[in-house]
Amino acid sequence: VDIDGIREPVSGSFLYGNNIISGAVVPSSNAIGLHFYPIWEAGTLDEWLYNGGPYQLVILHFLIGISAYMGRQWELSYRLGMRPWICVAYSAPVSAAFAVFLVYPFGQGSFSDGMPLGISGTFNFMFVFQAEHNILMHPFHMAGVAGMFGGSLFSAMHGSLVTSSLIKETTENESQNYGYKFGQEEETYNIVAAHGYFGRLIFQYASFNNSRSLHFFLAVFPVVCVWLTSMGICTMAFNLNGFNFNQSIVDANGKVVPTWADVLNRANLGFEVMHESNAHNFP
Numbered sequence: 022v023d024i025d026g027i028r029e030p031v032s033g034s035f036l037y038g039n040n041i042i043s044g045a046v047v048p049s050s051n052a053i054g055l056h057f058y059p060i061w062e063a064g065t066l067d068e069w070l071y072n073g074g075p076y077q078l079v080i081l082h083f084l085i086g087i088s089a090y091m092g093r094q095w096e097l098s099y100r101l102g103m104r105p106w107i108c109v110a111y112s113a114p115v116s117a118a119f120a121v122f123l124v125y126p127f128g129q130g131s132f133s134d135g136m137p138l139g140i141s142g143t144f145n146f147m148f149v150f151q152a153e154h155n156i157l158m159h160p161f162h163m164a165g166v167a168g169m170f171g172g173s174l175f176s177a178m179h180g181s182l183v184t185s186s187l188i189k190e191t192t193e194n195e196s197q198n199y200g201y202k203f204g205q206e207e208e209t210y211n212i213v214a215a216h217g218y219f220g221r222l223i224f225q226y227a228s229f230n231n232s233r234s235l236h237f238f239l240a241v242f243p244v245v246c247v248w249l250t251s252m253g254i255c256t257m258a259f260n261l262n263g264f265n266f267n268q269s270i271v272d273a274n275g276k277v278v279p280t281w282a283d284v285l286n287r288a289n290l291g292f293e294v295m296h297e298s299n300a301h302n303f304p
């Protein structure tokens, strides 16, 4: 695919020697921009492939599919008399997909700026995004990192606490799992014991004593953080970027005191000069 529109095609196909890491559906050509590019708009199939038509085909159907699936989750919950929060939680990854596949290309003016559908392509997208928008210094990205790592920690802690405080219903020769019957009214674990352990491990008020508020927190924390990250991508799509500390800190003698911001700035310049090397002229 001639991704940059400068007659320098990039291959994502296994047939051209790519492996599972380097293979990708390469984004549409910069020459196409934001134009809708179905197969019938190209003169030949080869032209459509060369201009990256499959990328639009895949992402547009994918976005329709995940949106419909979110609606399906709401409808199924509604018909079963359940509350609607499953589809609300699912809206977090949906918003992330819309941010990187649709909103960001719209803001930048071309589908060639969308995220490639491949492993190394995703990493390349992340590096270029950092170089152009300094996303690591954006508060919403920081919230997303906290949500992912924090959510993983809380999930692991919750699972281990529940598993460690199961109410014993079986003998030593049976699996503890046989002590649970689907639909049973009785609690399957002792939340008081789990609360007591965690309250002593950290401090009393760090532990939930209400099962509903606990599970609400486990759901809402990562979801809100991913929403914030998606909002960050959407704002950076229109070049409202992360904080740039372009002025270095200097001591009384005028000597630069290196900081993390200086390291980031130099790394960003390195990424920039490697990406689209013909477009950047650094002194």
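22 is the number of the first residue of the sequence shown in the numbering used here; add one for each residue after it.
No residue lacks a Cβ here, since even glycine has one placed at the ideal position from N, Cα and C.
**OP:** Would you grab the beta carbon distance between T250 and A89 for me? Rounded to a whole angstrom, and I think it's under 8 angstroms.
**Re:** Numbered from 1 along the sequence shown, position 229 holds the residue referred to as residue 250. Numbered from 1 along the sequence shown, position 68 holds the residue referred to as residue 89. With a Cβ gap of about 23 angstroms, T250 and A89 do not count as contacting.
Subject >> Unbroken alpha helix (DSSP H) run spanning N145, endpoints >> reply: As a first step, residue 145 is located in the sequence shown; it is residue number 124 there, counting from the start. Counting along the chain, the alpha helix (DSSP H) containing N145 begins and ends at 140 to 154.
Original post:
At which residues does the alpha helix (DSSP H) containing P160 begin and terminate?
Top reply: Position 139 of the sequence shown, counted from the start, is the residue given in the question as residue 160. 160 to 185 is the extent of the alpha helix (DSSP H) around P160.
Original post:
Buried or exposed: Q268, going by 16 or more other Cβ atoms within 10 Å of its Cβ?
Top reply: Stepping through the sequence shown from its first residue, residue 268 is reached at position 247. Q268 comes out exposed.
Subject >> Span of the alpha helix (DSSP H) around H236 >> reply: Position 215 of the sequence shown, counting from 1, holds the residue named residue 236. Looking at the DSSP string, the run of the alpha helix (DSSP H) that includes H236 is 232 to 258.
Original post:
When the distance is taken between beta carbons, is V213 closer than 7 angstroms to A113?
Top reply: Locating residue 113 in the sequence shown gives position 92, counting from the first residue. Locating residue 213 in the sequence shown gives position 192, counting from the first residue. The answer is no: Cβ separation not under 7 angstroms.
Original post:
Do F229 and L235 have their C-beta atoms within less than 7 angstroms of each other?
Top reply: Counting from 1 along the sequence shown, the entry for residue 229 is found at position 208. Counting from 1 along the sequence shown, the entry for residue 235 is found at position 214. Result yes, Cβ atoms of F229 and L235 sit closer than 7 angstroms.
Subject >> Residue burial classification, F150 (beta-carbon count within 10 angstroms, cutoff 16) >> reply: Here residue 150 refers to the residue found at position 129 when the sequence shown is read from its first residue. Result: buried.
**OP:** Could you tell me how far apart the beta carbons of G263 and I156 are, in whole angstroms, since I believe they sit closer than 8 angstroms?
**Re:** As a first step, residue 263 must be located in the sequence shown, where it is residue number 242. As a first step, residue 156 must be located in the sequence shown, where it is residue number 135. That belief holds up - the Cβ atoms of G263 and I156 are roughly 6 angstroms apart, short of 8 angstroms.
**OP:** Provide the residue span of the alpha helix (DSSP H) that contains G220, from first to last.
**Re:** Locating residue 220 in the sequence shown gives position 199, counting from the first residue. 212 to 222 is the extent of the alpha helix (DSSP H) around G220.
Subject >> Unbroken alpha helix (DSSP H) run spanning Q94, endpoints >> reply: Reading the sequence shown from its first residue, position 73 is the one you call residue 94. Per DSSP, Q94 belongs to the alpha helix (DSSP H) from 74 to 100.
**OP:** Since I believe A52 is in contact with L138 (beta carbons under 8 angstroms), could you give me their beta-carbon distance rounded to a whole number of angstroms?
**Re:** Here residue 138 corresponds to residue number 117 of the sequence shown, with the count starting at 1. Here residue 52 corresponds to residue number 31 of the sequence shown, with the count starting at 1. About 20 angstroms; that fails the 8 angstroms criterion.
**OP:** Name, in chain order, the residues that DSSP records as bridge partners for P113.
**Re:** Indexing the sequence shown from 1 puts residue 113 at position 92. One detail in the question is off: residue 113 reads as Ala in this sequence, not Pro. Looking at the DSSP assignment, A113 forms no beta bridge with any residue, so it has no partner.
Original post:
Among all the DSSP beta bridges, which residues are the ones paired with A45?
Top reply: Indexing the sequence shown from 1 puts residue 45 at position 24. In the DSSP output, where bridge partners are listed per residue, A45 has G139.
Original post:
How about the region 210 to 225 and the region 178 to 186: do they share at least three Cβ pairs that are nearer than 8 angstroms?
Top reply: Counting Cβ pairs under 8 angstroms, three or more are found: they touch.
**OP:** Take every Cβ of the region 125 to 135, pair it with every Cβ of the region 253 to 261, and state whether three or more of those distances are shorter than 8 angstroms.
**Re:** Yes, they touch.
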